[in-house]
Amino acid sequence: MATQTDLSTYDLIINGDSVTAEAGEYFETVNPATAEPFARVSQAREPDIDRAVAAAAETFDEWSSTPPEERGRLLNAVADEIRSQQERLAQLETRDNGKPLSHARSDVETCARYFEYYAGVADKVHGDSIPLTDEYVDYTVREPLGVTAQIIPWNLPTNIFGRSVAPALATGNTAVVKPAEQTPVTAVEIAQLASKVGIPDGVLNVVPGYGREAGAPLSSHSDVDGVSFTGSVPTGIEVGKSAVENVTNVHLELGGKSPNVVWPDADLDSAVDSTMTGIFANAGQVCSAGSRLIIHEDIKNEFLDELVDRIEAMEIDAGEADPDMGPLVSQEHFKKVTDYLELGRKEAGDPLVGGEALNRDGYFVEPTVFDDVDSDMRIAQEEIFGPVLSVSEFSSEAEAMELANDVDYGLVAGIHTQNMGRAHRFARDVRAGQVYVNEWFAGGEETPFGGFKQSGFGREKGLAAVDAYTQIKNVCADITPK
Ligand code: TXE
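In my numbering, each number is its position in the sequence shown, counted from 1, plus 1265.
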């Protein structure tokens, strides 16, 4: 058992300094593979949020007036520094979150890539000139929002840090980041790397803490000009309401219950792979997980036999062993997922495979598939956020479409077919912010991402994030001789 003195300690990052929270409290994060504490982290509360927001506000003029090409150079330096520390950051991420090392390495690379991508964008954010009559010159400029707040979830901590912070900084905003209480470590580390390569003090602040004590005072802070939130629907609604009360710009990326439709003409081997990645990557703790397999009746048995064989061969272990699947993130989340396993049994009967927690330390559950799931079951409608796949069968295109859209969420959707007409009809008719054709998680840092329906609003990634982090100013000049 680790004692307090064995644990690494992480403080807040405010104005470029590592500082302890005013109240002097610490909380512990836990290694999900062992259920033992892994790090002590200074716990921010309202006075600390005030300090961080003040630092970000203080430095805003300097940062927003730094020439865009210089901002780009600095963000490239952050990307290089993250890459140079990839292995160390990945090891930390794995211990904090539980994910397999290969996945953690890829998340760190993705974070670096976001900094690199938005470094390239920094000096290409320009407005339009609008033709009016000869009496006027009219043009628009894109200006940063000001102080932005990033509230980050625990499932992809490093990845989403890059996704939210890099475009904010590239476009001249300053940032206050509240990482999830389960996984705060890499946010603190990356802010330190950013300081090291010359990001000015106060531009990037990190305030670990709990949702109610640190997240809420940040998202409702009257000096915050933009809020980016990724998390659950109820918390998103709360964050959205408090932002709107301050008339603050907000975008919400909330969960999903995404359909994965497989047709008989698909490359079935690749569709099985894609289905496995879609639901078991990160132990299903992904907002864009493919949690509903909608499969054509003609191939259902063959497909499920192959799927079950592959699931039975999966290696489940601590993330450090780089298995196919690691543990869930926390005791609380383990309870949520195992409750759904019990509910699934009641609603759909015994699973085809899995259905149990593993009998070992840590928060491990088996990859699980429930067959014959009807749309009115809770396991078909609610985001389980675990390695739990529900299967429904269809016989016609209309039926597949109806099943695909029959949920309140609309984050992503996937289809496997060689018939491109059918794929594009699906893309047209499905109510989701992103559509994958023949590969789950297709796309990259360049492609806009965000939800329809209860999955939220606003877009991140790609150039769409530039819109999210800037506001348009229109300038109209009367140029007639006076
Ligand atoms: O989410 P919360 P939780 C879904 C997933 C999961 C469920 C609950 O289904 O099982 O949400 O997870 C901060 N004001 N997703 O409880 O509460 C919190 O500290 C401001 C989907 O972890 O939404 C953390 O930093 N902030 C998802 C972040 O919000 C608050 C990713 C997310 O926490 C706050 C994660 C408040 N009042 C969970 N309360 C996705 N879309 O990818 C909490 N927070």
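Note that CB positions come from ideal geometry on N, CA and C, so glycine has one too.
The ligand TXE has a heavy atom closer than 7 Å to the beta-carbon of Ile1416. Inter-residue distance for Asn1514 and Val1373 is about 28 Å (C-alpha atoms, whole angstroms). Taking the CA atoms as reference points, Gly1392 sits about 5 Å from Val1406.
Here DSSP, grouped into helix, strand and coil, assigns Asn1341 to helix. A distance of 8 Å or more separates the beta carbons of Ser1394 and Asp1388. Scanning Val1498, Ile1744, Thr1735, Gly1627 for the CA closest to the CA of Phe1650 turns up Val1498. One alpha carbon belongs to Leu1617, the other to Val1573, and they sit about 7 Å apart. In the DSSP assignment, Ser1657 falls outside any alpha helix (DSSP H) and within the unbroken beta strand (DSSP E) covering 1653-1659.
Tyr1701 carries a strand assignment under DSSP once its states are collapsed to helix, strand and coil. With respect to the 8 Å criterion, Ala1369 and Pro1592 are not classified as neighbours on the basis of their beta carbons. Taken in chain order, the whole beta strand (DSSP E) runs of length 3 or more contained in the region 1475-1509 are 1491-1495. For Val1504, the shortest C-beta to heavy atom distance toward the ligand TXE is below 7 Å. Exposure of Lys1461 is indicated by the presence of fewer than 16 other C-beta atoms within 10 angstroms of its C-beta. With respect to Leu1357, Glu1446 sits apart: the two C-beta atoms are not nearer than 8 Å. Collapsing the DSSP output to three states places Lys1389 in a helix.
CA-to-CA, the gap between His1689 and Lys1718 works out to about 21 Å. By the neighbour-count criterion, in which a residue is buried when 16 or more other Cβ atoms sit within 10 angstroms of its Cβ, Ala1586 is exposed. Taking the C-beta atoms as reference points, Ile1278 is found no nearer than 8 Å to Val1468.
In this model, Asn1670 and Trp1328 are separated by some 44 Å (Cα to Cα). Judged by their CB atoms, Ala1479 and Lys1443 are nearer to each other than the 8 Å cut-off. For Val1402, the enclosing beta strand (DSSP E) begins and ends at 1401-1409. In the structure shown, the three-state DSSP call for Asn1511 is coil. Residue pairing of Lys1718 in beta bridges, as defined by DSSP: Tyr1674. For Ile1560, the secondary structure class from DSSP, reduced to helix, strand or coil, is strand.
Setting aside the 5 residues that flank it on each side, Trp1419 is surrounded in the same chain by Ala1445, Gln1447, Thr1448, Val1594, each with a C-beta closer than 6 Å to its C-beta; the list follows chain order.
Rounded to the nearest whole angstrom, the CA to CA distance from His1598 to Gln1550 is 10 Å.
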